[in-house]
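Chemist: Supplied in structure tokens, the structure appears directly below.
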Amino acid sequence: MSTLSQEFLTAVRVEVQRLSCIFPSIAQDLEDSLRVPQKGPYHNEGDEMDAHLGLILQTLDDVVVRNNFHASVPDAVRVLIREIATSSKADGGSHAVSEEMRTYAMLHDIAKKDCLALKLTRVTGFKNVNHL
């Protein structure tokens, strides 16, 4: 897969707007989740959560729309992933990432800000951010 493109950072904002209309009671939590820091050894896609979510949307697009998987993914697993994540378009031939999969991707870390632990050091500032 590739580095995050601006197209998918924009897609994150579109999804936040869509979900804020569907779930108005969590609209502020959705917005706040985009600014959660992404430091440390895991999920280091960018400085904040919007990059993490954008890369998920980009990866879903790669596998569903382009059928572009990492070479190590077996064919049987590719079929299952595409079945789970795909919503067939009305034209019958093309595919899109399903609304359910986009919703899950956007909401799966909504409470991450409540699960952060910051470890400070005297010399270097932020040493690590761990998720509980």
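Residue numbering for the sequence shown follows my numbering, beginning at 8 and increasing consecutively. In this text, a Cβ means the ideal position worked out from N, Cα and C, and glycines have one as well.
1. By Cβ distance below 6 Å, which residues in the same chain neighbour LEU41 in space, the five residues on each side in sequence not counted?
2. Please check the pair LEU26 and GLY53, which I expect to be a contact at CB under 8 Å, by giving their CB distance rounded to whole angstroms.
3. Short check: CB of VAL21 to CB of LEU37, under 8 Å?
4. Out of TYR49, HIS59, LYS126 and THR17, which has the shortest C-alpha to C-alpha gap to ILE117?
5. Sort PRO48, GLY47 and MET108 by Cα distance to THR66 and report the nearest one.
6. Ordered along the chain, which non-local residues of its own chain (more than five positions away) have a Cβ less than 7 Å from that of SER105?
7. Which word fits ILE29, buried or exposed, when buried means at least 16 other C-beta atoms lie within 10 angstroms of its C-beta?
8. Please return the same chain residues whose Cβ sits closer than 6 Å to the Cβ of PHE7, not counting the five positions on each side in sequence.
Modeler: The structure says:
1. The residues MET56 and ASP57, in chain order, have a CB closer than 6 Å to that of LEU41 in the same chain once the five nearest residues on each side in sequence are set aside.
2. The beta-carbon distance between LEU26 and GLY53, rounded to whole angstroms, is 20 Å. This is too long to meet the 8 Å contact definition.
3. Contact: no.
4. Measuring from the Cα of ILE117, the nearest candidate turns out to be HIS59.
5. Nearest C-alpha to THR66: MET108.
6. Contacts found: ALA92, THR93 and SER94.
7. Burial call: exposed.
8. Within the shown structure, residues of the chain are numbered from 8 to 139, placing residue 7 beyond reach of any answer.
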